[in-house]
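Have a look at the structure below, then the notes.
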Amino acid sequence: MPQSAPTIADRRPAFAILTLAIGPAVGLGICRFAYSLVLPDMRDSLDWSYATAGAMNTINAAGYLAGALLAAPLAKRIGLLRAVHLGLAMCLASLVLSSISGAPIPFGLARVLSGVGGAFALVCGSALAASIAQMHPMRAALLIGLFYNGPAMGLIISGSISPFILQGLGQGSWWIVWLVLTAISTVLAVPLVRIKLHPVSVGTSGQESSVWPIVPYLAGYFLYGAGYIAYLTFMIAYIRDDGGGAAAQSAFWCLIGLGGISAPWIWRGLMARGRSGVAMALMIGLTAIGAALPLAGSSPIIYALSALVFGNGFLATTIATTAFARFNYPEPAWPRVIAIITIIFSIGQILGPIITGAITDLTGTLSAALAVSAGALALGALVSLFQRALPFSRSHPAPGKHP
8 MPQSAPTIAD
18 RRPAFAILTL
28 AIGPAVGLGI
38 CRFAYSLVLP
48 DMRDSLDWSY
58 ATAGAMNTIN
68 AAGYLAGALL
78 AAPLAKRIGL
88 LRAVHLGLAM
98 CLASLVLSSI
108 SGAPIPFGLA
118 RVLSGVGGAF
128 ALVCGSALAA
138 SIAQMHPMRA
148 ALLIGLFYNG
158 PAMGLIISGS
168 ISPFILQGLG
178 QGSWWIVWLV
188 LTAISTVLAV
198 PLVRIKLHPV
208 SVGTSGQESS
218 VWPIVPYLAG
228 YFLYGAGYIA
238 YLTFMIAYIR
248 DDGGGAAAQS
258 AFWCLIGLGG
268 ISAPWIWRGL
278 MARGRSGVAM
288 ALMIGLTAIG
298 AALPLAGSSP
308 IIYALSALVF
318 GNGFLATTIA
328 TTAFARFNYP
338 EPAWPRVIAI
348 ITIIFSIGQI
358 LGPIITGAIT
368 DLTGTLSAAL
378 AVSAGALALG
388 ALVSLFQRAL
398 PFSRSHPAPG
408 KHP
């Protein structure tokens with residue numbers, strides 16, 4: 008049979024995966040997480056309570072849940088890469104809509120769109136990244152990690168720009184931030200739309216793709232979803248309330264991104280042995296430490312350390328889940344398993360912002376929300392330790408090792 012022509016994934020796998028990472032860079036790093044940067048101005052301009060502000064992220068998480076539910080069947084129907092492209096288009100549409108109106112209904116619709124699109128980009132993109140990494144086993148752990156540089160890069164882009172626009176243009180300039188981020192995201196989308204990859208088979212059922220054996224893993228990831236999103240939703244407001252200006256907010260956000268970019272390089276050895284829940288437990292524990300640090304003090308050094316530690320841990324946790332699915336399930340099951348893990352994570356994200364927002368309104372301080380966030384993360388780390396490797400993983404060698 009004639010072989011298909013080599014693609015960029017065959018010749019330059021790292022470049023191909025970094026191109027795929029544009030999807031979560033826009034869908035998560037910009038669409039989802041930039042909301043935290045714009046939130047203080049939106050609250051002031053639109054007279055939102057913390058509960059309302061948290062509900063907007065809950066709506067986004069509900070869209071993410073819907074996207075995770077639909078990702079595997081959609082990918083089976085149109086292919087993984089086209090599903091990523093569809094998700095990217097939805098994210099761009101959500102950014103346009105976010106810049107048009109801050110009224111609850113249209114802005115809420117934008118948050119739903121970005122949630123669905125972000126899930127398509129992450130679930131289907133991570134399955135493609137795992138497939139490319141499988142072709143290069145000696146570098147598999149690092150290559151998978153590069154995909155999750157996407158959200159970190161999005162964080163750095165939005166963090167480098169948004170606080171200064173808000174400070175320079177004054178109250179009510181939140182819509183201009185969304186407009187600028189729309190333009191940047193459109194430019195970023197071009198290489199991803201143009202990339203060509205070999206099609207990857209997508210399975211939706213089968214004995215080997217049952218998720219009942221990974222209930223401890225799912226429970227830990229649920230708690231992680233509830234805990235990490237509260238920190239990212241309200242930390243910029245926490246810093247601003249403490250007197251931090253645009254430079255402090257920008258530096259904090261960019262440090263989270265830099266912490267995330269460092270994760271694949273620091274933890275690739277651990278990820279290469281991530282057959283059980285231990286790797287994820289360690290990463291969630293690291294995230295919990297980062298979330299708890301601001302409770303110990305409000306000096307710039309503590310904030311900087313919190314951002315770096317949290318960024319490193321929270322993106323490494325997501326890397327660990329893809330590696331775990333890849334070790335413990337056959338390749339056709341990866342999109343479905345990753346989608347199910349993401350669904351459980353999304354449920355946690357739905358509950359986290361609205362609960363912590365309500366706690367903040369009741370107590371009048373963001374410290375209580377941070378304490379709840381750190382506690383949920385610590386419990387998630389503990390629960391994840393109970394996950395053991397599945398029988399499938401014991402019959403297949405780790406990347407870089409051969410039978």
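Just so you know, we're using this note's numbering here: the sequence shown kicks off at 8 and counts up by one. From the three backbone atoms N, C-alpha and C, an ideal C-beta is built for every residue, glycine too.
A383 and G234 closer than 8 Å at C-beta: Sequence index remark: in the sequence shown, residue 383 carries index 376 (1-based). Sequence index remark: in the sequence shown, residue 234 carries index 227 (1-based). A contact, by the Cβ cut-off of 8 Å.
Taking the runs of the alpha helix (DSSP H) that are 4 residues or longer, which of them lie wholly in the stretch 343-369? none
Tell me whether M290 sits in a helix, a strand or coil according to DSSP, three-state version. Taking the sequence shown and counting its residues from 1, one reaches residue 290 at position 283. Reduced to three states, the DSSP call for M290 is helix.
Quick one: what's got a C-beta closer than 7 Å to Q214's C-beta in the same chain, skipping five residues either side? Within the sequence shown, residue 214 is the residue found at index 207, counting from 1. For Q214, the predicted model reports a pLDDT of 44, less than 50, meaning its position is unreliable and no value from the coordinates is stated.
From A41 to Y231, what distance separates their C-alpha atoms? Your numbering for residue 41 matches position 34 in the sequence shown. Your numbering for residue 231 matches position 224 in the sequence shown. The alpha-carbon atoms of A41 and Y231 are separated by roughly 20 Å.
Three-state secondary structure assigned by DSSP to S391: Locating residue 391 in the sequence shown gives position 384, where the first residue counts as 1. Three-state result, S391: helix.
Considering only the alpha carbon of each residue, which of L195, I348, I191, S180 lies closest to L44? The count along the sequence shown starts at 1 and reaches residue 44 at position 37. Selected option, being the one with the closest Cα: S180.
Have a look at G125 and G371 and give me their C-alpha separation to the nearest angstrom. The residue labelled residue 125 in the question sits at position 118 within the sequence shown. The residue labelled residue 371 in the question sits at position 364 within the sequence shown. One C-alpha to the other measures close to 32 Å.
So, are the CB atoms of R118 and M49 less than 8 Å apart? Reading the sequence shown from its first residue, position 111 is the one you call residue 118. Reading the sequence shown from its first residue, position 42 is the one you call residue 49. Contact: no.
Look at the alpha carbon of I191 and the alpha carbon of L358, and state the distance between them as a whole number of angstroms. The sequence position of residue 191 within the sequence shown is 184, counting from 1. The sequence position of residue 358 within the sequence shown is 351, counting from 1. Rounded to the nearest angstrom, the two C-alpha atoms are 31 Å apart.
Let me check you understand the geometry: is the CB of G355 closer than 7 Å to at least one non-hydrogen atom of the ligand PLP? Absence of the ligand PLP is noted for the structure shown, with no ligands found whatsoever.
Rounded to whole angstroms, what is the Cα-Cα separation between V285 and L277? Position 278 of the sequence shown holds residue 285. Position 270 of the sequence shown holds residue 277. In a straight line, the C-alpha of V285 is about 9 Å away from that of L277.
I151 at chain C interface by Cβ criterion, 8 Å: Looking for chain C here will not work: only one protein chain is present.
Threshold first: 4 residues or longer. Then list the alpha helix (DSSP H) segments lying entirely within the stretch 91-151, N to C. 111-141
Just the C-alpha distance for A260 and A314, rounded to the nearest angstrom, thanks. On the sequence shown, position 253 is the one that residue 260 refers to. On the sequence shown, position 307 is the one that residue 314 refers to. In the sequence on display, residue 260 carries Trp and not Ala. Going from the Cα of W260 to the Cα of A314 covers about 7 Å.
Just mark W272 as buried or exposed, buried being the case when its beta carbon has 16 or more other beta carbons within 10 Å. Start at 1 with the first residue of the sequence shown, and residue 272 comes out as number 265. Flag for W272 reads exposed.
Burial state of M287, where buried means 16 or more other Cβ atoms lie within 10 Å: Along the sequence shown, read from residue 1 onward, the residue named residue 287 stands at position 280. By the 10 Å Cβ count, M287 comes out buried.
Residues of its chain near I296, where Cβ-Cβ distance is below 7 Å and the 5 sequence neighbours each way are ignored: What you label residue 296 is simply residue 289 of the sequence shown in a count that begins at 1. Contacts found: V316.
I want to know whether the stretch 305-313 touches the stretch 329-342 - three or more CB-CB distances under 8 Å. no
Coarse secondary structure for F171, derived from DSSP in three states: Taking the sequence shown and counting its residues from 1, the one referred to as residue 171 is at position 164. DSSP places F171 in helix when its eight states are reduced to three.
Please state whether DSSP places F331 in a helix, a strand or coil. Along the sequence shown, read from residue 1 onward, the residue named residue 331 stands at position 324. Helix, per DSSP.
Out of curiosity, what's the CA-to-CA distance linking S212 and N335? Indexing the sequence shown from 1 puts residue 212 at position 205. Indexing the sequence shown from 1 puts residue 335 at position 328. A caution first: S212 carries a pLDDT of 48, below 50, which makes its placement in the model unreliable, though a value can still be read off. Between S212 and N335, the C-alpha separation is close to 15 Å.
How many angstroms separate the CA atom of L25 from the CA atom of A270? Looking up residue 25 in the sequence shown gives position 18. Looking up residue 270 in the sequence shown gives position 263. So the alpha carbons of these two residues sit roughly 15 Å apart.
Taking the C-alpha atoms as reference points, what is the distance between L76 and I168? As a first step, residue 76 is located in the sequence shown; it is residue number 69 there, counting from the start. As a first step, residue 168 is located in the sequence shown; it is residue number 161 there, counting from the start. In a straight line, the C-alpha of L76 is about 33 Å away from that of I168.
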